[in-house]
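Below is one structure, written out as structure tokens, with a few remarks after it.
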Amino acid sequence: MLPVLMDLNAEYRGRALIKYVDLAEYPDAAEDFPVPVVPALFFFDKDGGPFVPGDPQAMGMTMHSDGGDHVLTVHLGGMTARQIRAVLAEMGVQ
Numbered sequence: 000m001l002p003v004l005m006d007l008n009a010e011y012r013g014r015a016l017i018k019y020v021d022l023a024e025y026p027d028a029a030e031d032f033p034v035p036v037v038p039a040l041f042f043f044d045k046d047g048g049p050f051v052p053g054d055p056q057a058m059g060m061t062m063h064s065d066g067g068d069h070v071l072t073v074h075l076g077g078m079t080a081r082q083i084r085a086v087l088a089e090m091g092v093q
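Encoded structure:
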């Protein structure tokens, strides 16, 4: 995933924030997130809230709630650059 994320970070610079965290090097970084498998990709909107996809199941997204409030949207497992671009397009990133 790292090469894909690095390429997308360069492509979307200034329009989307794409970050990679190596959990082998920084295991505490996943402490507050549900990461049962690696990679796990989390998507947040421009205001820092969880992305709400139109069809989470079709996108392979899992929605996490806390007390009824939607708090996280995650895709478990790898994604292709094309899949990530589709998510960014649905989020309104041009």
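Once you know that position 62 of the sequence shown is 61 in numbering that gives the first Met the number 0, the rest is easy, because the numbers rise by one and skip nothing.
No residue lacks a Cβ here, since even glycine has one placed at the ideal position from N, Cα and C.
All of these numbers come straight from a predicted model, not from anything done at the bench.
Which residues DSSP lists as bridging residue i, in chain order
i	result
Ala28	Looking at the DSSP assignment, Ala28 forms no beta bridge with any residue, so it has no partner.
Asp68	Asp65
Val73	Phe41, Thr61
Helix, strand or coil at residue i [DSSP, three-state]
i	result
Pro49	strand
Ala162	The shown model of the chain, from 0 to 93, leaves out residue 162, and the question about it has no answer.
Gln93	coil
Val34	coil
Ala23	coil
Exposure of residue i, with buried meaning 16 or more beta-carbon neighbours within 10 Å
i	result
Val73	buried
Ala39	buried
Val86	buried
Phe43	exposed
Pro52	buried
Pro33	exposed
Sequence-distant residues of its chain with Cβ nearer than 7 Å to residue i (five each side left out)
i	result
Tyr19	Leu1, Leu4
>> I'd like to know if the region 74-93 and the region 24-43 are in contact, where contact means that at least 3 CB-CB pairs between them fall below 8 Å.
In response: yes
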